[in-house]
Structures are given as C-alpha cells and as structure tokens.
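J.: Numbering (our numbering), first residue to last: 1246 to 1791.
Backbone N, C-alpha and C define an ideal beta-carbon position, used for all residues, glycine too.
Listed below in structure tokens is the structure:
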C-alpha cells in the first residue's frame, strides 16, 4: 500500500485493468499512478518513469512539494505523504552562507566568539537536504526573524522554540562586527541573542595635552523586551543590522569627545568616572545615569569596564612607566619613613607608660606600709584594753542572751496557750456541729415517721370509707336525726327545738317557726335543722344530724 508506479505511454493506448470494467484512454505524455498492493505487468507501449514510496514524517519534519502542472509549492508537515503523478519534491534555494551555518550546526550561544572563515567542508559535516523543510532551533533568550517574500511580511520567533521555513520564507541573516578593535562582518548568525552579554572594543583617544591613549573597554548590554511583545515591537530588535558596530561607534565617539577636553593627569587618575559620565550622561542631580539606551532597537548599555589604559607612543609609554616606578618608590619610601616614625613613637609611649607604672607601684607600696603601721598601733591598743573590754562585753552578751531567752520562752508559752485554746474551741465547735446534726437528723426522722403515720391513717380511713360505701355513710348520718324525729313524733310533740349550750336561742326565729315558716339560721350561729312532719316541726342540731 506504500508503493506506487508512475507510468507514461509512448503512444495512444487504452488501459483496461482487470479489476475495472471501463476503459481509460491514455495519450502520449500522460502520467498516472498505480497504487499497490497489485501485480502489474506494463505493456511495451508504457514506460515506468518512477517507483515511489510513502515518505514518513514526524510532527517536526516536513517536505516541500511542487505541483508540476500549476507550479505551486507547499510544505507538508507532520504526516506520512505519498506524492501523486503531478507532484515532485522541490529543492529550496538558500544562500550559501545560510546553508553553511545550518550544516555546521553551531551553537549560537556557546560558539558566538568564533569568527566567520572560508567554508571548508569536513567529513563529519552533515549535508543539508533542502527538499525537507528547513528547521532551526532557536535557543533560550534569543530571537530569529523570518521574512516571507510572497506575503511581504516578517515574523519574529523567540526561543526556546523550533522554527520551520515555508516555501517562500528566508532567514534574516545577521552580520555583526567582531575582533579588537571591532571590524565589520566578522560574526555570522541566524539568531539574535537578547543578553545580558558583553563586548570588548579598543578605542584610541587623544587628551587635551595631545597624549594618545589606547583604551580597552568592555560593555555590558541587553535588549529590553516586554513580556507581551507584539510583532511590531519585536521587529525593532532587527532594525539595526550590525548593532555591535553601531554601539561601539557611538560609545567611542562619546569617549573621544569627552577625553579631548581632559588633560592626561586628570584622565589617568579618574578614567573610569570620566568614561562612565561621557557614555551614560548626567541626570538633573548631576549624578551619573545607570544606563545608555538605543531607542531604535531597545538596546540598553548597563555598565562599562575600563580594562586597560595604555599610551600609543612608545616614548610616552616609557615616560609613564618611569613616572609610575618613581611614584611607587616615593610612596614606598614615605611609607617606610612613616612606619619607622610610628615605631619610634610607640616605643617612647611604651617607655613612658613603664616609668609611670613604676612610680605608681612605689606609691602604692608606701600606702600599704602606712596601713600596716596603723594596724600594728591598733593591735597594741587592743591588747591593753582587750581583757576589760572582753569581760564587759561577755557580761553584756550574757545578759542579752538571758533576756532574749526569757522573751523567747514567753513567746513560746503564749503560742502554746493559743494553740491549746484554738484546739479546745475547735473541739467544742465540732461537738456542737455533731449535736446539731444529730438533732436535725432526729427531727427529720420524726417528721418522716409522722408523715408515714398520717399516710397510714389516711389510707386506713380511705379504705374504711371505701369499704362502707357512700350510700351506707349517708344512711348512718341520717339514722340518728330520723330516730329522734320518730321518737319526738311518737311523744306527740308538735314543735321541738334542740340546740347546744354555746349557741343562744333566737325567740324571734322560733316565733316564725311556730306559725309554720321555715327558720333560716345565720351561717355562723344557726347550726340547727328544722324538720316538719305533718303539723309538727322539729329542729335538729346540724352536728348531731351529721
């Protein structure tokens, strides 16, 4: 399936494959393809032009394909491709120096110091197949510009990335200055390093007193690229073809103009400050700025290092060397003299300190001797009065000790008495508390007993009432009044008044009862019950009725 035959007939013929029913007429010059798998025997009128196979391609690989009928060229990338009968591989045209740089596979960062030389092919150098899509690995912190001649526009790619050229695209070749001093077209490169990096140049200047000097200067530079960089902003990086030569010429011009107004002695003493101020300039506070900016390509010079300053004239160099040696000798002699005087001064100071210390030590010894004599005199006086003083002191000390012992004894006795009293009070308090607790527990038990007895009486009375029943109780309560009523009725009494001795009899109420009206006694004093039986009215005490 991955192999085909391209054929062309020598004269008009008809091609009728076995697997097709229709006949195809082929004319001289026509080309067609027969795709496998198939077993095919070409006739004598047909010429097999080419046998083709599918071209496998990775996603980072491609080929240039040209249509032989229309002439259009396109790039096929990242897929296996089979050329048809109207297509062929197209060889891309690149400048010879670009082919050389791509073939050498040089590291743009590590080999940037190698200068361009005449190309001599080596055995290890890989030949570049220009039918494949040209690729270039852009390193980190670098940029490459690609120009499309068909669309007439350029694009800038920032590393790390892999760029692939279209059929009509070409690299923008950089030709930079190199060497010391800088010479043009010394460094060839396809990518632009963005820095920070440095370059070194040799500048010849002349001072105000006509002394010619050779300065070796090293510049630190970098391209300022914003994080979100548009294509227009990125194109400014390639606005200056040889930015190294442009920078070195601009800085050399400023340094020459400044040094021309300075004398040799002043420049020799303050060369770094003069060169920095001439290149970076001064701000409104008369201080040296920190950078020099090229606005046309956003290049920033951040620092300048003065590596060497040498006169160009040999006589001036010899005179300068002699003056330097003389200055060194003078400085050395002055330093030796200063050191010798300093040593003598330190020696005199040490000797003076030693003499003063000796005098101070003698005075201190005399003071100690005087103190010793005074002590001996005091000891003699103490020996004469020592015995009497000792006896008096001993008697006073004995009396003092006895008094202190008596005071301590009294204190101890008072403390003992206080302890005994506190113990007795504590015992009495605990005894009263125990007695009170006993009485409280006894009362609680008595209350509990009475509650239990009351509950028993209530339960007994409740059970008795429940056993007798309410009807029987009512009959028992009514039995005595009814018996009295029957007895009084049997005696033939028409009216009877029964009361107790504590309640007086109201005769007015009785009179009303005699005429047949019901007496209604007061709630507090009338505790009688009036009963009428036929023509007889009976009043019974309510307590008795109950």
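1. Report the three-state DSSP secondary structure of residue 1570 (helix, strand or coil).
2. Beta carbon of residue 1542, beta carbon of residue 1488: below 8 Å?
3. Who are residue 1649's beta bridge partners in DSSP?
4. Tell me, please, whether the region 1382–1401 touches the region 1445–1455 by the rule of three or more beta-carbon pairs shorter than 8 Å.
5. Can you find the residues in the same chain that come closer than 8 Å, C-beta to C-beta, to residue 1303, ignoring five residues on each side of it along the sequence?
6. If residue 1544 and residue 1466 are in contact, beta carbons under 8 Å, what's the gap, nearest whole angstrom?
7. Any contact of the region 1451–1458 with the region 1507–1514, i.e. 3+ C-beta pairs under 8 Å?
8. For the region 1297–1314 and the region 1327–1342, state whether three or more C-beta atom pairs, one from each stretch, are separated by less than 8 Å.
9. Mind checking which residues open and close the beta strand (DSSP E) that includes residue 1436?
10. Would residue 1351 and residue 1328 be called neighbours here (beta carbons separated by less than 8 Å)?
11. What residues match up with residue 1309 in a beta bridge as DSSP calls it?
12. Evaluate contact between the region 1494–1503 and the region 1522–1536, counting only Cβ atoms and requiring at least three cross-stretch pairs below 8 Å.
13. So which of 1571, 1413, 1475 and 1387 has the shortest CA-CA distance to residue 1440?
14. So the candidates are 1733, 1272 and 1295; which of them puts its Cα closest to the Cα of residue 1279?
15. From which residue to which residue does the beta strand (DSSP E) around residue 1465 run?
16. What number of angstroms, rounded off, separates the C-alpha of residue 1464 from the C-alpha of residue 1325?
17. Using C-beta distances below 6 Å, list every residue in its chain close to residue 1765, excluding the 5 sequence neighbours before and after it, in chain order.
18. Output the distance between the C-alpha atoms of residue 1626 and residue 1637, rounded to the nearest integer angstrom.
19. Less than 8 Å between the beta carbons of residue 1432 and residue 1492, yes or no?
20. Using a Cβ-Cβ cutoff of less than 7 Å, which residues in the same chain neighbour residue 1700 once the five nearest sequence positions on both sides are dropped?
21. Out of 1655, 1564 and 1275, which one is the CA nearest neighbour of residue 1290?
22. Can you tell me whether residue 1732 is buried or exposed, with buried defined as 16 or more other CB within 10 angstroms of its CB?
23. Helix, strand or coil for residue 1329? Go by DSSP, reduced to three states.
24. Please state whether DSSP places residue 1586 in a helix, a strand or coil.
T.: Result, derived from the coordinates:
1. Secondary structure at residue 1570: helix, using DSSP grouped into helix, strand and coil.
2. yes
3. BP columns for residue 1649 are empty, so no partner.
4. Contact annotation: the region 1382–1401 does not touch the region 1445–1455, with fewer than three C-beta pairs closer than 8 Å.
5. 1323
6. The Cβ separation is near 6 Å, so the contact holds.
7. yes
8. yes
9. No beta strand (DSSP E) contains residue 1436, which DSSP labels as neither H nor E.
10. no
11. 1320
12. A contact exists between the region 1494–1503 and the region 1522–1536.
13. 1387
14. 1295
15. 1457–1468
16. 50 Å
17. With a pLDDT of 48 at residue 1765, under the threshold of 50, the modelled position of that residue is not reliable, and no figure is offered here.
18. Cα to Cα, residue 1626 sits roughly 17 Å from residue 1637.
19. no
20. none
21. Cα-wise, what sits closest to residue 1290 is 1275.
22. Exposed is the label assigned to residue 1732, since fewer than 16 other Cβ atoms lie within 10 Å of its Cβ.
23. coil
24. helix
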